[in-house]
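Engineer:
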Amino acid sequence: MAISDMTLQHLDMELCSESGAGESQRGSFSDQIYTVDPDLHMLSTLTGVTFQDHTTTVIRKERDTTVVLKTLSGQSHSLSFHVQMEVEELLEASSPTLLKTEGGRRGTVNRLQVSVDKRVAMQTDLQAFITWVEQERAVLCFFRLFSEYSEWWSLRHKVFQHFKDQYSDVVRLSMGVYGEELEFSQVQNPGACFIISWLVTLTSDPWKAIPNITLKVKAKNQMRQLDEKGTLQTCGQVFHDMVKVLGLEQAIHAIIRTATL
Amino acid sequence: MRPEKGGMLEFLQQLDAKATKLTSYHGDDDNPQGHPKKGQVQKQNKEGQPERTSDDDATAEMETLIQNLQEKKKQLKQKLHTGPKQVFGSLDNKKLRRFKVKTEADRPCLRRAADYIKQRKAELLKEAYSFAGISMTRESESCVSVTWGTFYSGQYRESYQAQIQVSHKLKIRQHTLPTFLPLEELISAHLNSDLKRFLWAVGDHLNAFVSRREQLAQAKTSYSDLLQGEVEASAGCDVLKLTLRAEEHHYHTTLTYKDGLSTRPTTVEVEDDDQSTDVEEATPRIQEAFLSKSLPDALTDIATYLNRSL
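Chains F and D, in that order, give the protein sequences. Going letter by letter, the first sequence gives residues 192 to 452 in the working numbering. Going letter by letter, the second sequence gives residues 56 to 365 in the working numbering.
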């Protein structure tokens, strides 16, 4: 009998209510499973993928094969995914080269459907990647790359939010909390606006998630005319060099303090 | 006896039927000695007590067996009453959400059932990782076994394992990884600084190897006419030497895949036997096909081009 997470959470609440376990101790049902089972916790930490549901439905059974519909859903670094695939499982056959899945069967993915978190679903290169994954039925490649992509995405969000919190009067997230840009300028006499742009692009063949962090300066013409030494033009290169030496976080601290003093 | 299909209930019914049958022939609580079989006369010993025959011994043995089975039946019935199926029974998710713990007796039953379901769910979630290409189990306090799955063209392929010893420094204890994998490089670069990166890097190498191997196998099967003789391949399929045959022309081609992570060649060298113009024009086309497409697709293009031009 399939019992939903919500139902089990309700049952847990019933069981905990009289034992005095508070709201903070209970957590979500999936969190409980990952906390209690050390192997799952280890897998989640090391792969960057946290599965929250895995269901299998038998579509049809034939003499030598069984076709099942597998649904895997979960999160990778706070970005959700939902993978549905039709798998044809063969019984033991002569060739030893194919992977044995459960019960000694080997699997062929006949059809694959992937959907991801709506916060990133409209990214052009991610859409292209998912289209390729579905056409090639490249399940492993999806999890591999999505883990990498979501790690960068999550890191960018945390870093930008950190600087927004720390320098709330001078830092703006003009594209929203999940956006690709962080802006800062002086509060008084904002002659120039500095923009840190952090793109995470996906390249194909082989598929890789590549971060690209740059600093741009938007300044009025008058300011540019006064910039005889060309400081505004070289800001980008200076920032690039600072990141190499100081690391990203310290480089952003330094440039914000310098530019907004 | 093991539970047959139909579940615990059918098993108990069978157990009950067998116990009843044995009891009616060989005695029950009211008549522990049992009924003598029809036509059989009980013998007596010198003291006038019934003499123990081999039948009596068999009977006593049967009685012990019956008692044990009845005890087991009681225990199983008890478990069934408090197991997940009995606790949740035919309740659907909506009703379950309104379930209330009414008495103290409900609580442990419900706890056992919920724990059982959580355990099952944890097992299913662990199994999900094998579909994603990496799974792990803890062998002991100091040893973790990692399994990498490989995948190509919609099919799950073979898996590879390694045991990682967990002490003040991580070490690979035993493994089934192929020898051409740059394992020492990956260990020194990542194992003790970024385990996640190490695991994904090994997986990337393995999947790239499987892709090259399967492309070659597919090419050999589909293009045996175009390929002359055997294709020489390194153990990791990262250097391939093949000869393309078109009419009377032969193109000796060497494909090199750099790094072990490439699934398409990074360099293509072509030597032809003939110096004619047609052949010279063909060489860059052959190189471009191999550099930009998978091996089978490249051979499709090359075959089409060579058939048209020569």
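Just so it is clear, CB atoms sit at the ideal spot from N, CA and C, and this is done for glycine as well. Model, not experiment: these values are computed from the prediction.
1. Distance cutoff 8 Å, beta carbons only. Does N262/D sit that close to anything in chain F?
2. Looking at the secondary structure, which residues open and close the beta strand (DSSP E) in which W203/D lies?
3. Terminal residues of the continuous beta strand (DSSP E) containing C384/F?
4. For S338/F, which residues of its own chain have a beta-carbon under 6 Å away from its beta-carbon, when the five flanking residues on both sides are left out?
5. At a CB distance below 8 Å, what residues from the segment 199–229 of chain D approach chain F? Give them in sequence order.
6. I321/F and V300/F look like a contact to me (Cβ under 8 Å); what is the Cβ gap, rounded to whole Å?
7. Kindly confirm or deny that the segment 243–261 of chain F and the segment 187–194 of chain D touch, where touching means at least three C-beta pairs closer than 8 Å.
8. Would the segment 431–451 of chain F count as touching the segment 370–380 of chain F if we require 3 or more Cβ pairs under 8 Å?
9. For I443/F, count neighbouring C-beta atoms within 10 Å of its own C-beta (all shown protein chains included) and say buried if the count is 16 or more, exposed if not.
10. Hey, out of E371/F, R302/F, E327/F and F242/F, whose CA is closest to S345/F's CA?
11. Against chain F, with Cβ distances strictly below 8 Å, would R193/D count as a contact?
12. Assuming L225/D contacts L238/D under a Cβ cut-off of 8 Å, what Cβ separation, rounded to an integer in Å, is found between them?
13. Would you call the CB atoms of L317/F and L393/F closer than 8 Å?
14. Does any residue of chain F bring its CB to less than 8 Å from the CB of T318/D?
15. Taking P402/F as part of the beta strand (DSSP E), name the residues at either end of that continuous run.
16. Quick one: grab the DSSP three-state call for R193/D.
17. Given T298/D, which residues of its chain have a CB within under 8 Å of its CB, disregarding the five upstream and five downstream residues?
18. Between G258/D and chain F, is any beta-carbon pair separated by less than 8 Å?
19. Closest by CA to T234/D, which one among A337/D, L261/D and K275/D?
20. Is K129/D close to chain F, meaning its C-beta is less than 8 Å from at least one C-beta of that chain?
21. So D293/D and R267/D are in contact, right, with Cβ under 8 Å, and what is the actual spacing, rounded?
22. Can a CB atom of chain D be found closer than 8 Å to the CB of T238/F?
23. What does the alpha-carbon distance come out to for the pair L72/D and T231/D?
24. Using alpha carbons as the reference points, say which of E280/F, D228/F and H232/F lies closest to T248/F.
25. Excluding the five sequence neighbours on either side, which residues of its own chain have a C-beta within less than 8 Å of the C-beta of T359/D, listed in chain order?
26. Considering Y211/D, what are the terminal residues of the beta strand (DSSP E) in which it resides?
27. Since G315/D meets chain F, which of its residues come closer than 9 Å, beta carbon to beta carbon?
Structural biologist: The short version:
1. Working through the second sequence from its first residue, we reach residue 262/D at position 207. So, interface residue.
2. As a working note, residue 203/D is residue 148 in the second sequence. For W203/D, the uninterrupted beta strand (DSSP E) run begins and ends at C198 to Y207, by DSSP.
3. For the purposes of this step, residue 384/F is identified with residue 193 of the first sequence, where counting begins at 1. Looking at the DSSP string, the run of the beta strand (DSSP E) that includes C384/F is A383 to T394.
4. On the first sequence, residue 338/F is found 147 positions in, with the first residue counted as 1. So the list reads G239, V240 and S267, once near-sequence residues are dropped.
5. V199, G204, T205, F206, S208, G209, Q210, Y211, R212, E213 and S214
6. Within the first sequence, numbered from 1, the residue matching residue 321/F stands at position 130. Within the first sequence, numbered from 1, the residue matching residue 300/F stands at position 109. Their Cβ separation, rounded to whole angstroms, is 15 Å, which puts I321/F and V300/F out of contact at 8 Å.
7. no
8. yes
9. Residue mapping note: residue 443/F aligns to position 252 of the first sequence, counting from 1. Buried is the call here.
10. In the first sequence, counting from the first residue as 1, residue 345/F sits at position 154. Looking from the CA of S345/F, the closest CA among E371/F, R302/F, E327/F and F242/F belongs to E371/F.
11. Position 138 of the second sequence, counted from the first residue, corresponds to residue 193/D. Contact of R193/D with chain F is assigned, a C-beta pair being separated by under 8 Å.
12. Residue 225/D sits at position 170 when you count from the first residue of the second sequence. Residue 238/D sits at position 183 when you count from the first residue of the second sequence. That pair is no contact at about 13 Å.
13. Mapped onto the first sequence, residue 317/F falls at position 126. Mapped onto the first sequence, residue 393/F falls at position 202. In this structure, L393/F lies closer than 8 Å to L317/F by Cβ.
14. What you label residue 318/D is simply residue 263 of the second sequence in a count that begins at 1. For T318/D, the answer is yes, since a Cβ of chain F falls inside 8 Å of its Cβ.
15. Residue mapping note: residue 402/F aligns to position 211 of the first sequence, counting from 1. Per DSSP, P402/F belongs to the beta strand (DSSP E) from K399 to A410.
16. If you number the second sequence from 1, residue 193/D lands on position 138. Reduced to three states, the DSSP call for R193/D is strand.
17. Position 243 of the second sequence, counting from 1, holds the residue named residue 298/D. Once the five neighbours on either side are set aside, the close Cβ partners of T298/D are L282, Q283, G284, H305, Y306, H307 and T308.
18. Translated into positions along the second sequence, residue 258/D becomes position 203. True, the Cβ-Cβ gap to chain F drops below 8 Å.
19. Along the second sequence, read from residue 1 onward, the residue named residue 234/D stands at position 179. The option with the nearest alpha carbon to T234/D is L261/D.
20. Numbered from 1 along the second sequence, position 74 holds the residue referred to as residue 129/D. Not one beta carbon of chain F lies nearer than 8 Å to the beta carbon of K129/D.
21. Here residue 293/D corresponds to residue number 238 of the second sequence, with the count starting at 1. Here residue 267/D corresponds to residue number 212 of the second sequence, with the count starting at 1. 7 Å between Cβ atoms; contact.
22. Here residue 238/F corresponds to residue number 47 of the first sequence, with the count starting at 1. It does; some Cβ of chain D falls within 8 Å.
23. Position 17 of the second sequence, counting from 1, holds the residue named residue 72/D. Position 176 of the second sequence, counting from 1, holds the residue named residue 231/D. In the sequence under discussion, the amino acid at residue 72/D is Ala, which differs from the Leu named in the question. Distance between the alpha carbons of A72/D and T231/D is about 52 Å.
24. Against the first sequence, residue 248/F aligns to sequence position 57. Cα-wise, what sits closest to T248/F is E280/F.
25. Here the question's residue 359/D lines up with position 304 in the second sequence. Excluding residues within five positions, none has a Cβ falling inside 8 Å.
26. Within the second sequence, numbered from 1, the residue matching residue 211/D stands at position 156. That run of the beta strand (DSSP E) goes Q210 to Q220.
27. Residue numbering aside, residue 315/D sits at position 260 when the second sequence is read from its first letter. Within chain F, no residue comes near G315/D; the closest Cβ sits about 12 Å away, beyond 9 Å.
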